[in-house]
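Have a look at the structure below before the remarks.
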Amino acid sequence: MHTVKLMPQSVEVVLPHGSPLTELEFELYGQESIPFGCKAGVCGACVIEILDGINYLGAKQKEEKDFLETLGYPGETFRLACQCHLSGAVTIQVASR
Ligand code: FES
Numbered sequence: 010m011h012t013v014k015l016m017p018q019s020v021e022v023v024l025p026h027g028s029p030l031t032e033l034e035f036e037l038y039g040q041e042s043i044p045f046g047c048k049a050g051v052c053g054a055c056v057i058e059i060l061d062g063i064n065y066l067g068a069k070q071k072e073e074k075d076f077l078e079t080l081g082y083p084g085e086t087f088r089l090a091c092q093c094h095l096s097g098a099v100t101i102q103v104a105s106r
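Okay, so the sequence shown: first residue is 10 according to this note's numbering, each after it adds one.
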């Protein structure tokens, strides 16, 4: 089990190893969370910034990297939350433009 800390609300959710971050939508139902759309890596609604635990959300594939750069989010700290699977404790926030 690993902890996902969502900032700036400082809300913590504990999820099993390997869980997709899309689980946050269910765990935080009715609360402010990540704005998921397609959940398939194509709409760009779910961009997050990783504040801690960058190595615990799986590898970023080339398609995801290229799409994030197109959206104006270059760099390793940005991810599409719908493409991330949890393997350790992380702290994240919804990316702002
Ligand atoms: S929900 Fe559409 S890219 Fe993540």
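For glycine and all other residues, C-beta sits at the position ideal for the given N, C-alpha and C.
Nothing here was measured: the structure is a model prediction, and the numbers come from that model.
Between residue 103 and residue 59, the C-beta spacing is not below 8 Å.
If you draw a straight line from the Cα of residue 50 to the Cα of residue 98, it is about 22 Å long. When secondary structure is reduced to three states using DSSP, residue 57 falls in the strand class. Around the beta carbon of residue 90, a 10 Å sphere encloses 16 or more other beta carbons of the protein chains shown; the residue is thus reported as buried. Membership of residue 73 in the alpha helix (DSSP H) is indicated by the continuous run 71-80. Under the DSSP assignment, residue 95 falls outside any beta strand (DSSP E); it carries neither an H nor an E label. Counting C-beta atoms within 10 angstroms of its own C-beta, residue 38 has fewer than 16 neighbours from the protein chains shown and is therefore classed as exposed. Contact between residue 21 and residue 31 is ruled out by a C-beta separation of about 17 Å, above the 8 Å threshold.
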